[in-house]
Amino acid sequence: MQLSIIAGARPNFMKIAPLIRPLKDVGFATKIIHSGQHYDQKMSQTFFDELNIPHPDLNLGVGSGSHIWQISEVMRRLETEFTENPPAAVVVVGDVNSTLAAALTAVKLGIPVAHVESGLRSFDRAMPEEINRIMTDAISDWLFTSEPSAQTNLEREGVPAERIHFVGNVMIDTLLSHRKQAQALHSSRELGCGDKDYVVLTLHRPSNVDDPERLESILKAVHDISEDFPVLFPIHPRTRGQLQKFGFAERHDLNGYRMVEPQGYHSMLSLMDGARFVLTDSGGMQEETTALGVPCLTLRENTERPSTIESGSNQLVGWRTDDILAAVGRIKSSPDRSSQIPEKWDGKTSTRIAEILHRDLA
Ligand code: UD1
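Residue 164 in the UniProt record's numbering sits at position 164 of the sequence shown; the count goes up by one each step and never skips.
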């Protein structure tokens with residue numbers, strides 16, 4: 001019995017990686033389909049290599065475009081594939097455009113859908129991912145959740161309880177099995193920052209990097225922070241373009257960071273693990289820092305991952321310079337890095353998912 005597993009963008013790859021072996025162990029054949037939403041070596045192939053993900057059986061080669069174009073193009077190309085080679089079920093992960101496109105194509109063709117990382121809600125519909133989450137969950141047959149808030153959100157939306165399965169966080173399966181290898185890298189040394197007291201910054205969300213006022217305000221805070229700590233900034237291609245477009249790359253007062261290329265999985269994990277704190281607008285890094293026990297200041301006004309805040313590692317600081325610096329001040333004055341690991345973030349999530357799919361499909 002064959003399952004098609006869909007991935008398209010960088011944050012999907014560490015979520016599909018741990019699923020493949022347990023699915024095979026319970027007897028499924030797996031077909032990996034890459035939509036091509038991300039295509040640069042450093043945004044895609046690097047993760048397949050480092051995480052030992054088999055080469056995709058099919059790459060739809062969609063690439064960049066408007067959201068509507070991207071979603072419809074993935075659907076069009078997947079229709080052909082699912083019609084010619086219908087799987088027993090389709091597995092989608094996360095909340096990117098490829099996730100929604102694959103779920104919608106499958107359901108229209110009568111193929112059941114399993115959504116991994118289901119039920120997360122920021123309650124901010126201006127966020128493209130929020131629409132993808134709501135839509136994908138509404139049409140999925142198995143909703144695999146990573147934290148208790150997801151169950152509450154899905155129940156509120158009327159999802160029958162028997163479809164919801166609290167299994168834990170699949171991305172933390174990957175983190176736990178690769179942490180030792182990552183620690184051995186000492187990537188901060190390689191990037192010229194020594195071993196401690198540096199900060200990691202990532203920024204890519206349109207609400208931050210497409211708005212010059214917000215981006216400027218964040219970069220002013222980064223400039224101040226860089227007087228105390230070196231700030232390593234692995235740059236997303238979208239952000240690189242925006243810095244140039246707004247003329248910020250040349251502004252001395254906005255230039256506190258040390259820009260580096262997008263990092264591979266192990267290097268990024270190594271950087272986060274050794275950082276004094278992380279500044280980010282990424283969803284995944286809020287969870288990874290929680291698992292690592294590293295303080296995270298999230299450059300957003302909401303999060304779909306409230307367990308990271310309840311755990312004590314994550315704080316929402318928004319985009320205003322003063323708010324960011326006030327939170328940094330609090331971190332500087334308290335050396336305590338303790339945080340609680342959320343329930344079922346234990347490295348066994350993929351096995352739980354495989355067992356449930358086997359029980360229901362085999
Ligand atoms: C996408 C996801 C977002 C996720 C992020 C992680 C959606 C709606 N957004 O946002 O949830 O957090 O990935 O990176 O699915 N580009 C390249 N090379 C690439 C890919 C993109 O240069 O390999 C550039 C292109 O100019 C493109 C832009 O980055 O237009 C944005 O890429 P896109 O996939 O549309 O969205 P992301 O911002 O990466």
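Don't be surprised by glycine CBs; every beta carbon is placed ideally from N, CA and C.
Residue from the options with nearest C-alpha to residue i
i, options, result
"Glu-157", "Ser-146, Arg-133, Leu-176", "Arg-133"
"Ser-177", "Thr-80, Glu-343, Leu-51", "Leu-51"
"Pro-234", "Ser-188, Asp-141, Lys-31", "Ser-188"
"Val-96", "Val-294, Gly-284, Ser-334, Phe-123", "Gly-284"
"Ala-150", "Asp-360, Glu-343, Ile-356, Lys-348", "Glu-343"
"Thr-349", "Asp-173, Met-259, Asn-314, Leu-219", "Asp-173"
"Gln-242", "Asp-195, Asn-208, Val-222, Phe-82", "Asn-208"
"Gln-286", "Lys-15, Ile-324, Val-26, Ser-313", "Ser-313"
"Gly-274", "Gly-329, Ala-102, Ser-146, Val-294", "Val-294"
"Pro-160", "Thr-80, Gly-168, Ile-139", "Ile-139"
"Cys-193", "Asp-210, Arg-258, Met-171, Phe-246", "Arg-258"
"Met-135", "Thr-105, Glu-81, Ile-331", "Thr-105"
"Arg-121", "Asn-302, Tyr-265, Leu-269", "Asn-302"
"residue 365", "Met-268, Val-62, Asp-322, Cys-296", "Nothing about residue 365 can be read from this structure; the chain reaches only from 1 to 362."
"Glu-216", "Arg-251, Ile-225, Leu-191", "Arg-251"
"Arg-77", "Asn-59, Asp-360, His-67, Gly-94", "Asn-59"
"Gly-264", "Gly-256, His-236, Arg-240, Ala-291", "His-236"
"Asn-169", "Asp-224, Arg-163, Ala-17", "Ala-17"
"Val-116", "Leu-100, Leu-143, Thr-83", "Leu-143"
"Pro-230", "Asp-124, Asp-323, Gly-256, Pro-212", "Gly-256"
"Thr-290", "Thr-83, Asp-49, Met-171, Val-26", "Met-171"
"Leu-325", "Lys-220, Arg-359, Phe-248, Arg-276", "Lys-220"
"Ile-99", "Pro-128, Lys-24, Thr-83", "In the sequence as presented, Ile is not what sits at residue 99; that position holds Thr. Closest by alpha carbon: Pro-128."
"Asn-85", "Leu-271, Arg-240, Asp-57, Asp-323", "Asp-57"
"Arg-205", "Arg-352, Ile-164, Ala-126", "Ala-126"
"Glu-310", "Cys-296, Ala-362, Asp-322, Asp-323", "Cys-296"
"Leu-232", "Pro-262, Lys-245, Gly-247", "Pro-262"
"Lys-180", "Glu-81, Val-26, Leu-271, Asp-360", "Leu-271"
"His-67", "Ile-33, His-223, Ile-131, Arg-10", "Ile-131"
"Leu-223", "Ile-164, Lys-196, Lys-15, Ala-249", "The amino acid at residue 223 is misidentified as Leu; the sequence shows His. Of the candidates Ile-164, Lys-196, Lys-15, Ala-249, the one whose C-alpha sits nearest the C-alpha of His-223 is Ala-249."
"Ile-341", "Val-107, Ala-103, Leu-292", "Leu-292"
"Ala-182", "His-266, Gln-37, Arg-10, Phe-246", "His-266"
"Thr-321", "Ser-44, Leu-154, Ile-218, His-55", "Ile-218"
"Ile-356", "Ile-164, His-55, Ile-33", "Ile-164"
8 Å Cβ cutoff met for residue i and residue j
i, j, result
"Trp-69", "Arg-214", "no"
"Asp-137", "Gly-119", "yes"
"Asp-281", "Leu-254", "no"
"Gly-8", "Ser-35", "yes"
"Lys-31", "Pro-87", "yes"
"Val-74", "Ser-4", "no"
"Ile-53", "Ile-20", "yes"
"Asp-141", "Ala-114", "yes"
"Leu-279", "Leu-201", "yes"
"Thr-145", "Phe-166", "yes"
"Val-260", "Leu-203", "no"
"Val-328", "Ile-225", "yes"
"Met-1", "Ala-362", "yes"
"Val-199", "Phe-123", "no"
"Ala-101", "Ile-71", "yes"
"His-358", "Val-93", "no"
"Pro-22", "Thr-351", "yes"
"Ser-307", "Glu-81", "no"
"Asp-195", "His-186", "yes"
"Glu-38", "Arg-10", "It is His, not Glu, that sits at residue 38 in the sequence shown. Their beta carbons are under 8 Å apart, which means His-38 touches Arg-10 by this criterion."
Bridge partner(s) assigned by DSSP for residue i
i, result
"Val-74", "Answer by DSSP bridge pairing: none, since Val-74 is not bridged."
"Met-259", "Phe-233"
"Leu-201", "Leu-279"
"Asn-314", "Cys-296"
"Leu-3", "Thr-30, Ala-89"
"Phe-166", "Thr-145"
Beta carbon proximity, residue i to chain B, threshold 8 Å
i, result
"Pro-112", "The chain labelled as chain B is not found in the depicted structure, where only one protein chain is given."
Residue i: CB within 7 Å of a non-hydrogen atom of the ligand HEM
i, result
"Glu-261", "The ligand HEM is absent from the structure shown, which contains only the ligand UD1."
Along the chain, which unbroken stretches of the alpha helix (DSSP H) at least 4 residues long are found entirely within the stretch 326-361? With a minimum length of 4 residues, the continuous alpha helix (DSSP H) runs that stay inside the stretch 326-361 are 349-361.
Quick one: which unbroken beta strand (DSSP E) runs of 3-plus residues sit fully inside the stretch 102-157? Chain order, please. For the stretch 102-157, whole beta strand (DSSP E) runs of length 3 or above, ordered along the chain, are 113-118, 142-145.
Taking only runs that begin and end inside the stretch 257-299, name each unbroken beta strand (DSSP E) of 3 or more residues, in chain order. 257-260, 277-280, 296-298
What runs of the alpha helix (DSSP H), each 4 residues or longer, lie entirely inside the stretch 38-97? 45-50, 67-84
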